[in-house]
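Read the structure below first, then the notes.
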Amino acid sequence: MALLFIFRGYIYRVSVKYDAIEERKGYTIINSKLISYLDDSTVSDNLPSITSIVDKSNELTSEKLEFTSSKCDVDPNKIVNTHKTQCVGYAYFYAFTCNYLIEKSRLSNEWKAKAYVGKLFFLGIDIHKYFDSPFFKDHDFVIVENSNTGERVYIDPTISDYLSIDRVSIKSN
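Here is the structure:
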């Protein structure tokens, strides 16, 4: 059992693959409380690399949000106050947080985080067709991409919050 826990990230990345369907529209952040939260939470942090930014974004998203399957806001300007959201809100909040930290670290000419609507495949099988609820019709995640090199980091902030799995794998065509 301990080995399953230790290797949960690897097992998850091997057995579950994500397929991006479309990019979500972004939100303009106008809530000063959100900006203050990010500034206050990173005042003593040195975030020189995309890895440190991705990890800090995961930490801040998990710290601030709580998952709900109920109807809720997904706009980061609102969920910073309510704290409750589902996978769409997690992806939006994470993408904004990551982009804000990328900008602060002066890496915005290279890196950008975007929220995506996607599908999950377990051992190659689309799991969404097995659920009748509209809640399970798709799943949102984030792609952090380097525009110069094409390097990508795939993050599911909801899974990161609940299973402490910080990276996910994309389905290859």
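The numbering used here puts the first residue of the sequence shown at 152, with every later residue one more than the last.
C-beta: ideal position from N, C-alpha, C; glycine also.
Inset, instruction - Classify G177 as helix, strand or coil using the three-state DSSP reduction. - result: coil
Inset, instruction - Look at the alpha carbon of V295 and the alpha carbon of D206, and state the distance between them as a whole number of angstroms. - result: 12 Å
Inset, instruction - For the alpha helix (DSSP H) containing K255, list its first residue and its last residue. - result: C238 to K255
Inset, instruction - Have a look at D191, Y267, N182 and M152 and flag the residue whose alpha-carbon is nearest the alpha-carbon of F292. - result: Y267
Inset, instruction - Assign D226 to buried or exposed, taking buried as 16 or more other Cβ atoms, counted over all protein chains shown, within 10 Å of its Cβ. - result: buried
Inset, instruction - Indicate whether H325 and K265 have their beta-carbon atoms separated by less than 8 Å. - result: There is simply no residue 325 to check, as the chain begins at 152 and stops at 324 in what is shown.
Legend entry - Cβ neighbours of K263 in the same chain (closer than 8 Å, five flanking residues each side left out): N250, I253, V295, E296 and S298
Legend entry - Where G269 falls, given that 16 or more other Cβ within 10 Å makes a residue buried: buried
Inset, instruction - Flag this pair as yes or no: are the beta carbons of D147 and T212 separated by less than 8 Å? - result: Any question about residue 147 goes unanswered here, given that the chain covers just 152 to 324.
Legend entry - Rounded separation between G177 and A242 - CA only: 10 Å
Legend entry - Straight-line Cα distance separating S187 from F273: 39 Å
Legend entry - Straight-line Cα distance separating S208 from P199: 13 Å
Inset, instruction - Determine the direct distance from the alpha carbon of S320 to that of V165, and round the result to whole angstroms. - result: Those two C-alpha atoms are separated by around 8 Å.
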